[in-house]
Amino acid sequence: MTATGGTPTDPAPPSGQPAPRRPRAKKVAVLRLGRIAGVPIEVDSGFLLVAVLLAAPYWLAGRPATMALGAGFVVLLGFSVLVHELAHSRVARLFDIPSQAIRLNAFGGVAHLKWMPKTPWKAVAILLAGPLSNLVLYGLFEAALGFTTRETPPLLRAFLDIGSWINVSLGLFNLLPAFPLDGGRSAYVLLAPVIGKRAAGLTIALCGLALVAALVAFSFRYGLWLLVIALILAQPNLAVFKRARQEAA
Numbered sequence: 534m535t536a537t538g539g540t541p542t543d544p545a546p547p548s549g550q551p552a553p554r555r556p557r558a559k560k561v562a563v564l565r566l567g568r569i570a571g572v573p574i575e576v577d578s579g580f581l582l583v584a585v586l587l588a589a590p591y592w593l594a595g596r597p598a599t600m601a602l603g604a605g606f607v608v609l610l611g612f613s614v615l616v617h618e619l620a621h622s623r624v625a626r627l628f629d630i631p632s633q634a635i636r637l638n639a640f641g642g643v644a645h646l647k648w649m650p651k652t653p654w655k656a657v658a659i660l661l662a663g664p665l666s667n668l669v670l671y672g673l674f675e676a677a678l679g680f681t682t683r684e685t686p687p688l689l690r691a692f693l694d695i696g697s698w699i700n701v702s703l704g705l706f707n708l709l710p711a712f713p714l715d716g717g718r719s720a721y722v723l724l725a726p727v728i729g730k731r732a733a734g735l736t737i738a739l740c741g742l743a744l745v746a747a748l749v750a751f752s753f754r755y756g757l758w759l760l761v762i763a764l765i766l767a768q769p770n771l772a773v774f775k776r777a778r779q780e781a782a
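Under our numbering, the first residue of the sequence shown carries the number 534, and numbering increases by one thereafter.
Structure below.
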């Protein structure tokens with residue numbers, strides 16, 4: 534999940550530069566939910582597919598309570614990703630950068646900004662706003678859990694637990710130094726002026742490939758969903774790595 538407006542290895546084109554066109558994605562079914570603060574909100578079939586797959590263990594249990602938890606998981610995941618992308622969009626707006634759309638997709642979501650600011654601290658502020666918003670939500674869910682008692686309905690407590698887990702996972706994972714995660718793009722923005730764009734891209738890509746290897750290893754014990762995440766992360770980090778090697782040749 535991230536904010537777009539530049540490429541992974543050049544994420545901060547000058548402010549005022551002509552707005553890049555939104556990249557044409559592969560044809561997928563898109564549901565337009567409306568607008569929030571003037572920004573179109575979209576959900577594509579990839580997000581729904583991933584959300585349903587993640588919720589499947591709840592539904593396969595076959596009990597009404599666990600099936601309700603599965604539905605709650607999908608709703609809480611969509612809500613948490615939307616808050617993440619709205620945070621990108623809101624901070625960008627503080628710097629007079631409009632958002633073209635927010636779309637929830639198979640990797641989570643993306644806020645399509647017209648451009649990213651040239652000033653590094655502004656770009657980093659926009660990028661980190663997303664994961665930080667999830668950590669705030671995590672704190673709110675944990676605070677709500679602190680008010681629960683023995684009389685609290687178990688289903689409500691389970692919903693709060695799921696919301697807490699989703700948001701701490703989204704927040705911390707997106708801070709990791711890998712493309713196209715917010716942490717990776719932020720690290721690139723900060724490193725590029727110091728060690729150069731090629732070296733910065735290569736450094737983050739290597740971190741990303743190390744993360745991919747770790748996810749593959751852990752997937753054998755903790756589930757194939759980690760392997761899916763690894764495959765999604767592998768492509769952009771491998772592409773940046775190859776490009777950096779070619780430029781060095």
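C-beta atoms are modelled at their ideal positions from N, C-alpha and C, and glycine is treated no differently.
> Across which residues does DSSP place P573 in a beta bridge pair?
Replying inline: R568
>> Tell me the DSSP secondary structure of A536 in three-state form.
In response: strand
> Enumerated in chain order, which unbroken segments of the beta strand (DSSP E) with a length of 3 residues or greater are wholly contained in the stretch 721-782?
Replying inline: none
> Under the three-state reduction of DSSP, which class applies to L714: helix, strand or coil?
Replying inline: coil
> In its own chain, which residues sit with a C-beta less than 6 Å from the C-beta of P556, not counting the 5 before and 5 after it?
Replying inline: Only weak support is given to the placement of P556: the predicted model assigns it a pLDDT of 48, under 50, and the value that follows is read from those uncertain coordinates. Excluding sequence neighbours, P556 sits near nothing in its chain.
>> Let's see if you can read the secondary structure: which residues bound the alpha helix (DSSP H) around A584?
In response: S578 to L593
> By the 10 Å Cβ neighbour count, where 16 or more other Cβ atoms means buried, how is F674 classified, buried or exposed?
Replying inline: buried
> Would DSSP call P556 helix, strand or coil?
Replying inline: Here the model assigns P556 a pLDDT of 48, short of 50, so the residue's position is not dependable and the matter cannot be decided.
>> Quick check: the Cα distance between G756 and P590, rounded to an integer number of angstroms?
In response: 12 Å
> Per DSSP, which one or two residues make a beta bridge with R636?
Replying inline: E575 and V643
> Among L660, V563, S697 and L668, which one has its Cα closest to the Cα of A677?
Replying inline: S697
>> If contacts are defined as beta-carbon pairs under 8 Å, then L766 and A711 qualify, I think. What distance do you get, rounded to the angstrom?
In response: 6 Å
>> Let me make sure I understand the geometry here. Which of P726, G734, R596 and N667 has the alpha-carbon closest to that of L705?
In response: N667
> Where does V563 sit, in a helix, a strand or coil, going by DSSP?
Replying inline: strand
> Are there 16 or more other CB atoms within 10 angstroms of the CB of T685, so buried, or fewer, so exposed?
Replying inline: exposed
>> Measuring straight from C-alpha to C-alpha, what distance separates R754 and A584?
In response: 21 Å
> Candidates S632, V576, L586 and G605: which alpha carbon is nearest L694's?
Replying inline: The sequence given here has Asp at residue 694, not Leu. Per the Cα distances, G605.
> Along the chain, where does the alpha helix (DSSP H) that runs through R623 open and close?
Replying inline: P597 to L627
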